[in-house]
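Student:
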Amino acid sequence: MTNVVSLRRQEADAFQPAIPGLIDMFASRRRGRHDAFWLKENAELLQILAALGAGAEVDLEPLRLRAGTLMQELRFFPQYYRMYLSLAVDLRALGMADSPVEEMAAFVQARDLTAVELSDTHRGEAQLLLRRAGVLVEDPALEARLVRFAANSTAFCLPNRRAAYDLTHIVFHASDYGRKPLARDPQRRISLIHAGLVAWLEGNLDLLAEVTLALRLSGEDVPEVWANAVARAADRVEFEPGHAAGPFDDDYHQYLVLNWAFALSGGDAFGGGVPGNARIIRQPLRQGAALHEMSLALLDMGDARQPDWPRMRWRLWAKLSEPARDCLLSVETMPEFEGFFAGFSRAGQGDGDKQ
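For the sequence shown, this note's numbering gives the first residue as 320, with consecutive numbering after it.
1. Let's see if you can read the secondary structure: which residues bound the alpha helix (DSSP H) around E380?
2. Pull up the distance between the alpha-carbon of E612 and that of C646, whole angstroms please.
3. Starting from the N-terminal side, write out each stretch of the beta strand (DSSP E) that is 3 residues or longer and does not extend beyond the stretch 555-582.
4. For P654, does the three-state DSSP call read helix, strand or coil?
5. Between L520 and A552, which are expected to be in contact by the criterion C-beta below 8 angstroms, what is the C-beta distance as a whole number of angstroms?
6. Given D378, which residues of its chain have a CB within under 7 angstroms of its CB, disregarding the five upstream and five downstream residues?
7. What does the alpha-carbon distance come out to for the pair E436 and V541?
8. Enumerated in chain order, which unbroken segments of the alpha helix (DSSP H) with a length of 4 residues or greater are wholly contained in the stretch 388-450?
9. Quick check on Q391: buried or exposed, where buried means 16 or more other Cβ atoms within 10 Å of its Cβ?
10. Following the continuous alpha helix (DSSP H) through R630, name the residue where it begins and the one where it ends.
11. When you compare only the Cα positions, how much space is there between G585 and G667?
12. What is the residue span of the alpha helix (DSSP H) that R507 lies within?
13. So, is A737 buried or exposed, given that buried needs 16 or more other C-beta atoms within 10 angstroms?
14. In or out: N523 buried (at least 16 other Cβ within 10 Å) or exposed?
15. To the nearest angstrom, how far is it from the Cα of L296 to the Cα of P500?
16. Determine the direct distance from the alpha carbon of M620 to that of S664, and round the result to whole angstroms.
17. For R551, report the span of its alpha helix (DSSP H) as first-last.
18. Taking the alpha helix (DSSP H) that R644 belongs to, which residues open and close that run?
19. I'd like the list of long-range same chain contacts for W545, defined as Cβ closer than 8 angstroms, with 5 residues on each side in sequence excluded.
20. For P642, which residues from the same chain have a beta carbon less than 6 angstroms from its beta carbon, with the 5 sequence-adjacent residues on both sides left out?
21. Please report how far the alpha carbon of R350 lies from the alpha carbon of D569, in whole angstroms.
22. Taking DSSP's pairing of strands, which residues face V593 in a bridge?
23. Between P381, A369 and I367, which lies nearest to R348 when the distance is taken from Cα to Cα?
24. Given this structure, state the Cα-to-Cα distance separating Q329 from G591, to the nearest angstrom.
25. Hey, how far is the Cα of D554 from the Cα of R630?
26. Run through DSSP, which three-state label would R601 get?
27. Excluding sequence positions up to five away, which residues of its chain have a Cβ less than 6 angstroms from the Cβ of E376?
28. Tell me whether A474 sits in a helix, a strand or coil according to DSSP, three-state version.
29. Considering only residues of the same chain and omitting the five flanking positions on each side of A452, which have a CB-CB separation below 8 angstroms?
30. For a test of the three-state rule: what should DSSP assign to K359, helix, strand or coil?
31. For Q428, collect the residues of the same chain with a Cβ closer than 7 angstroms to its Cβ; drop the 5 residues on either side in sequence, then sort them by chain order.
32. With a Cβ-Cβ cutoff of 8 angstroms, do G662 and T487 count as a contact?
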């Protein structure tokens, strides 16, 4: 049976308060304690609560026993050091004073665990976690590579989820999840807008929420249509009990980042309550997407493709469904859209280069 909940419209006595309920659910009911996804999910939840400055409403008791084993587990599972250290620093930030932050950071340094990273994004995260643990680490070459990656706005005109999520996380890490002001960067802003346009046209609310977060943390304005979509979606969620032994793939991450983004826009995130037996989180899909239809239409045009949106609009329009047109109508007037479309069209590349 599904409990359909609008988080700000339910009677409080039917549910646990949202934040304690979420901590209890993530700590106790979603994953086994030796499942690496337990680490990932709980680290993400605590990361967002700490970034929002959550205080007295955070009940860490469901995590206390596990917190006492973090150092022991880190020694046995050093490959997960970022998740363990993330849990430790955010537990302390949320009020657990005896979280073994310094001991874990010393272990990470002594074993040089950051040396195993091939991803610059992961290296940037590791540096941030060590800094939060009181360890001063600097790598100017890494910082330069991350800035260069974020400035390559043309690369974000095409669907590439891994690159887009790397872009948003580069901003999260550089801003310490909102604790540190970032200097504005016009090229990074355009990259984020391009990534947001792809997310909007694809109907990907998870990525769209991350883009709006990264824009705000960069000191940039968020397009109103995106902010409104995030606000509407943050308030819609279905909780299901699920089966303790069964595998599942749900919308927990989308739910977390939508509410974080909603909070940064001034909204009441994680309002209402959570059913006491909740295990699975579902959110409805955003209605209307255009990316797939646009891509197929452009592919079929072959060498007739042009990078000029005003010239191409009338040719594409006849090939799109009404929902796709509605999706496109809401963003095509953005000043950045024509530059985005020039990259998205892949005009002049020749049929052999199309993907």
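A virtual CB, placed ideally from N, CA and C, is assigned to each residue, including glycine.
Tutor: For this structure:
1. E380 to A386
2. 11 angstroms
3. 556-559
4. coil
5. Between A552 and L520 the Cβ distance is about 16 angstroms, and since that is not below 8 angstroms, they are no contact.
6. P339 and I342
7. C-alpha separation (whole angstroms): 33 angstroms.
8. Whole alpha helix (DSSP H) segments, 4+ residues: 389-395, 400-412 and 420-429.
9. exposed
10. W628 to W636
11. 44 angstroms
12. P505 to E521
13. Outside the modelled stretch of the chain, which goes from 320 to 674, sits residue 737, for which no answer is possible.
14. buried
15. Missing from the structure shown is residue 296; the chain here goes from 320 to 674 and no further.
16. 10 angstroms
17. E543 to A553
18. In this chain, the alpha helix (DSSP H) harbouring R644 covers E641 to L648.
19. G515, W519, L527, V530 and T531
20. G607
21. 12 angstroms
22. Q335
23. P381
24. Confidence in Q329 is poor, its pLDDT being 41 and thus under 50, which makes the residue's placement too unreliable to answer from.
25. 39 angstroms
26. strand
27. I338
28. helix
29. L404, A407, V408, V420, E421, M423 and A424
30. DSSP, read as helix, strand or coil, puts K359 in helix.
31. V454
32. Judged by beta-carbon spacing, T487 lies beyond the 8 angstroms limit of G662, meaning their Cβ atoms are not closer than that value.
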